[in-house]
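Enquirer: Those letters in the sequence shown? Residues 1 to 84, by UniProt numbering.
Think of the CB as a built atom: it goes at the ideal place given N, C-alpha and C, for glycine as much as any other residue.
Remember, predicted model here, so these are calculated numbers, not experimental data.
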Amino acid sequence: MGPSAPSPSRALATEAAVQLEATFLAEMLKSAGFGATRGAFGGGAGEDQFSSMLVREQALQITRAGGIGLTEILMQGLVADQDG
1 MGPSAPSPSR ALATEAAVQL EATFLAEMLK SAGFGATRGA FGGGAGEDQF SSMLVREQAL
61 QITRAGGIGL TEILMQGLVA DQDG
């Protein structure tokens, strides 16, 4: 018999932790200059409008690939609160 599926509340908590880490990483990427227009030969207004979406998606992919470990720390805190 394989491992049991996570409970719905744990799955929701995990997704919330992933989203929080992705939001944090997106802000860090913006601060580092990712998503900034490249000057006179940039993509214009369209690039400005969609650059935040690109940065957010990049941050989400970084998080889903292992991220910086914030998701695990958040989940440990949530599990400790539930067990406490």
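Sorted by chain position, which residues of the same chain lie with C-beta nearer than 6 angstroms to Leu60's C-beta, five sequence neighbours on each side aside?
Expert: The residue given as residue 60 occupies position 60 in the sequence shown. Once the five neighbours on either side are set aside, the close Cβ partners of Leu60 are Ala22.
Enquirer: Report buried or exposed for Gly67, applying the criterion of at least 16 other Cβ atoms within 10 angstroms of its Cβ.
Expert: On the sequence shown, position 67 is the one that residue 67 refers to. Answer is buried; the Cβ neighbour count reaches 16.
Enquirer: Would DSSP call Ile62 helix, strand or coil?
Expert: Sequence index remark: in the sequence shown, residue 62 carries index 62 (1-based). Of the three classes helix, strand and coil, the one that applies to Ile62 here is helix, per DSSP.
Enquirer: Decide if Val79 is buried, meaning its Cβ has at least 16 other Cβ atoms within 10 Å, or exposed.
Expert: Start at 1 with the first residue of the sequence shown, and residue 79 comes out as number 79. Exposed: under 16 other Cβ atoms inside 10 Å.
Enquirer: Assuming Ala26 contacts Arg56 (C-beta within less than 8 angstroms), just tell me the rounded distance between them.
Expert: Numbered from its first residue, the sequence shown carries residue 26 at position 26. Numbered from its first residue, the sequence shown carries residue 56 at position 56. That pair is a contact at about 5 angstroms.
Enquirer: Would you give the residue range spanned by the alpha helix (DSSP H) that Pro6 belongs to?
Expert: Here residue 6 is taken as the residue at index 6 of the sequence shown, counted from 1. Counting along the chain, Pro6 falls outside any alpha helix (DSSP H), and DSSP gives it neither H nor E.
Enquirer: Once the 5 residues before and after Ser51 are set aside, which same chain residues still bring their CB inside 6 angstroms of it?
Expert: For this step, residue 51 is matched to residue 51 along the sequence shown. Closer than 6 angstroms at the Cβ level, and outside the excluded window around Ser51, lie Gly35.
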